[in-house]
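Undergrad: Position one of the sequence shown corresponds to residue 1 (full-length UniProt numbering), numbered consecutively onward.
Every residue gets a Cβ at the ideal spot worked out from N, C-alpha and C, and that includes glycine.
This one's a predicted model, so the numbers in the text were calculated from it and none came from an experiment.
Once you've had a glance at the structure underneath, I'll fire off some questions.
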Amino acid sequence: MNLDYEWFKKKILEYVGINLSYYKEKQMKRRIESLMKKNGFQNYADYYSALTKDQRLFNEFINYLTINVSEFYRNPQQWEILEREIMPYILKRAKRPRIWSAACSTGEEPYSIVMLLTRFFPLNEIKILATDIDDDAIKKAKEGIYLRKSLEGLPQEFVRRFFRENGELYYISDEIKRCVEFKHHDLLKDPYPIGMDLIVCRNVLIYFTEEAKDMVYKNFNKSLVMNGILFVGSTEQIIMPQKYGLKPIRTFFYEKVMSI
1 MNLDYEWFKK
11 KILEYVGINL
21 SYYKEKQMKR
31 RIESLMKKNG
41 FQNYADYYSA
51 LTKDQRLFNE
61 FINYLTINVS
71 EFYRNPQQWE
81 ILEREIMPYI
91 LKRAKRPRIW
101 SAACSTGEEP
111 YSIVMLLTRF
121 FPLNEIKILA
131 TDIDDDAIKK
141 AKEGIYLRKS
151 LEGLPQEFVR
161 RFFRENGELY
171 YISDEIKRCV
181 EFKHHDLLKD
191 PYPIGMDLIV
201 CRNVLIYFTE
211 EAKDMVYKNF
221 NKSLVMNGIL
231 FVGSTEQIIM
241 PQKYGLKPIR
251 TFFYEKVMSI
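Laid out in structure tokens, this is it:
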């Protein structure tokens with residue numbers, strides 16, 4: 001099936017512009033073949049043909065591919081460090097920091113950032129950028145409707161202030177939504193925004209090959225201002241960060257100390 005997978009990767013690159021070669025092959029093949037089996041396809045050729053004709057299958061494939069698993073304040077202790085140590089450090093040199101939530105999935109992360117920032121700024125002064133490759137995820141993020149489970153790590157103060165509850169569903173307030181500008185962005189091929197004081201990109205790069213990670217970290221360096229901060233996920237500590245002009249300042253937080 002490996003030759004079939006190579007063919008499938010080539011066709012997906014041509015059709016969607018997503019390069020599956022940048023994702024760890026074993027994990028990605030397992031995910032795709034599980035999806036094929038669920039939908040009754042025995043081979044990549046039939047599955048690809050169906051993807052090009054059936055919007056539901058195509059949307060499911062993109063959602064599955066981009067691994068939209070997120071929650072508010074994921075790993076709360078790291079958000080405490082962000083609030084207590086990292087943001088005050090950033091604010092010493094940037095009165096209005098530019099913040100990018102990269103690969104933001106369905107919005108839990110950028111909205112968490114906005115809520116945290118309310119401890120430093122009035123809401124009408126907060127604006128952050130949030131991007132993802134999956135347009136359906138961005139659409140869900142803009143709707144701002146979440147299950148109770150995704151709010152478990154969020155400080156209760158924020159739940160009370162910024163959500164309206166309706167059974168198991170929680171609706172985030174429009175005043176929080178207005179603080180986030182959502183855009184489509186592919187970390188593996190699109191130009192990166194520049195002049196960022198903080199980039200939050202968590203629990204995404206674990207799915208990338210070493211070659212793809214290398215490219216992304218170099219681009220993050222170019223995207224950050226000098227002494228800007230990159231905040232990564234719990235399984236994503238950077239090996240040899242100095243190679244990317246970065247220096248660890250706390251676990252999962254890296255400071256840009258050199259342009260590369």
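Indicate the three-state DSSP secondary structure (helix, strand or coil) for N227 in the structure shown.
TA: Within the sequence shown, residue 227 is the residue found at index 227, counting from 1. Strand, per DSSP.
Undergrad: Find the nearest neighbour of N166 within the set Y192, Y146, K189, judged by alpha-carbon distance.
TA: The residue you call residue 166 lines up with position 166 of the sequence shown. It is Y146 whose Cα lies nearest to the Cα of N166.
Undergrad: Who does D132 pair with in a DSSP beta bridge?
TA: For this step, residue 132 is matched to residue 132 along the sequence shown. Answer is H184.
Undergrad: Specify the secondary structure class of N63 as computed by DSSP and reduced to three states.
TA: Here residue 63 refers to the residue found at position 63 when the sequence shown is read from its first residue. In this structure, N63 counts as helix in the three-state DSSP scheme.
Undergrad: Can you give me the C-alpha to C-alpha distance between residue 265 and A141, rounded to a whole angstrom?
TA: What is shown of the chain runs 1 to 260, which leaves residue 265 out entirely.
Undergrad: Cβ-heavy atom distance between P191 and the ligand PLP below 7 Å?
TA: Inclusion of the ligand PLP in the displayed structure is not the case, the ligand content being empty and no account of it being possible.
Undergrad: Assuming F231 contacts L188 (C-beta within less than 8 Å), just tell me the rounded distance between them.
TA: Indexing the sequence shown from 1 puts residue 231 at position 231. Indexing the sequence shown from 1 puts residue 188 at position 188. Actually they do not touch by this definition, with Cβ atoms about 20 Å apart.
Undergrad: Are the segment 126-145 and the segment 82-95 in contact at 8 Å, needing three or more beta carbon pairs?
TA: Touching, no.
Undergrad: Return the Cβ separation of L57 and N39 in integer angstroms, given the expectation that the two are a contact with Cβ distance under 8 Å.
TA: Taking the first residue of the sequence shown as position 1, residue 57 is located at position 57. Taking the first residue of the sequence shown as position 1, residue 39 is located at position 39. Contact flag correct, Cβ pair sits at about 7 Å.
Undergrad: Would you mind reading off the limits of the alpha helix (DSSP H) that contains K177?
TA: Locating residue 177 in the sequence shown gives position 177, counting from the first residue. From DSSP, the alpha helix (DSSP H) with K177 extends over 174-177.
Undergrad: Could you check whether C179 and A103 sit closer than 8 Å to each other, using their CB atoms as the reference points?
TA: Locating residue 103 in the sequence shown gives position 103, counting from the first residue. Locating residue 179 in the sequence shown gives position 179, counting from the first residue. Contact: no.
Undergrad: Throw me the rounded Cβ distance for the L151 and F72 pair, which I believe falls under 8 Å.
TA: In the sequence shown, residue 151 corresponds to position 151, counting from 1. In the sequence shown, residue 72 corresponds to position 72, counting from 1. Rounded, the Cβ-Cβ distance is 5 Å, consistent with contact.
Undergrad: Alpha carbon to alpha carbon, how far is L51 from F61? Give it in angstroms, no decimals.
TA: Looking up residue 61 in the sequence shown gives position 61. Looking up residue 51 in the sequence shown gives position 51. Using only the alpha carbons, I get a separation of about 8 Å.
Undergrad: Would you mind reading off the limits of the beta strand (DSSP E) that contains R164?
TA: By one-based count along the sequence shown, residue 164 stands at place 164. 163-166 is the extent of the beta strand (DSSP E) around R164.
Undergrad: Rounded to whole angstroms, what is the Cα-Cα separation between N221 and L117?
TA: As a first step, residue 221 must be located in the sequence shown, where it is residue number 221. As a first step, residue 117 must be located in the sequence shown, where it is residue number 117. Computed Cα separation, rounded: 23 Å.
Undergrad: Report the residue from E33, I81, K9, I12 whose alpha carbon sits nearest the alpha carbon of F253.
TA: Against the sequence shown, residue 253 aligns to sequence position 253. Checked all of E33, I81, K9, I12; the closest Cα to F253 is I81.
Undergrad: Per the DSSP calculation, F252 is bridged to which residue(s)?
TA: As a first step, residue 252 is located in the sequence shown; it is residue number 252 there, counting from the start. None, per the DSSP bridge assignment.
Undergrad: For D197, report the span of its beta strand (DSSP E) as first-last.
TA: In the sequence shown, counting from the first residue as 1, residue 197 sits at position 197. It spans 196-201 - the beta strand (DSSP E) in which D197 sits, taken as one unbroken run.
Undergrad: How many angstroms separate the CA atom of P193 from the CA atom of Y64?
TA: Here residue 193 refers to the residue found at position 193 when the sequence shown is read from its first residue. Here residue 64 refers to the residue found at position 64 when the sequence shown is read from its first residue. So the two alpha carbons sit approximately 26 Å from each other.
Undergrad: In terms of alpha-carbon separation, which member of M240, S70, K127, D174 lies closest to I99?
TA: In the sequence shown, residue 99 corresponds to position 99, counting from 1. It is K127 whose Cα lies nearest to the Cα of I99.
Undergrad: On the criterion of 16 or more Cβ atoms from any shown chain inside 10 Å, does S34 qualify as buried, or is it exposed?
TA: Position 34 of the sequence shown holds residue 34. So S34 ends up on the exposed side.
Undergrad: Taking the Cβ atom as the reference point for each residue, do S223 and G245 lie within a distance shorter than 8 Å?
TA: Numbered from 1 along the sequence shown, position 223 holds the residue referred to as residue 223. Numbered from 1 along the sequence shown, position 245 holds the residue referred to as residue 245. Their beta carbons are not under 8 Å apart, which means S223 does not touch G245 by this criterion.
Undergrad: What are the residues that DSSP puts in a beta bridge with W100?
TA: In the sequence shown, counting from the first residue as 1, residue 100 sits at position 100. Looking at the DSSP assignment, W100 forms a beta bridge with L129, I199.
Undergrad: Near P241, which residues of its chain fall below 7 Å by C-beta distance, leaving aside the five closest residues on each side in sequence?
TA: For the purposes of this step, residue 241 is identified with residue 241 of the sequence shown, where counting begins at 1. The answer, listed in chain order, is K247, P248, Y254.
Undergrad: Out of I18, K24, F182, point me to the one whose CA is closest to Y207's CA.
TA: The residue given as residue 207 occupies position 207 in the sequence shown. The shortest Cα separation from Y207 among I18, K24, F182 belongs to K24.
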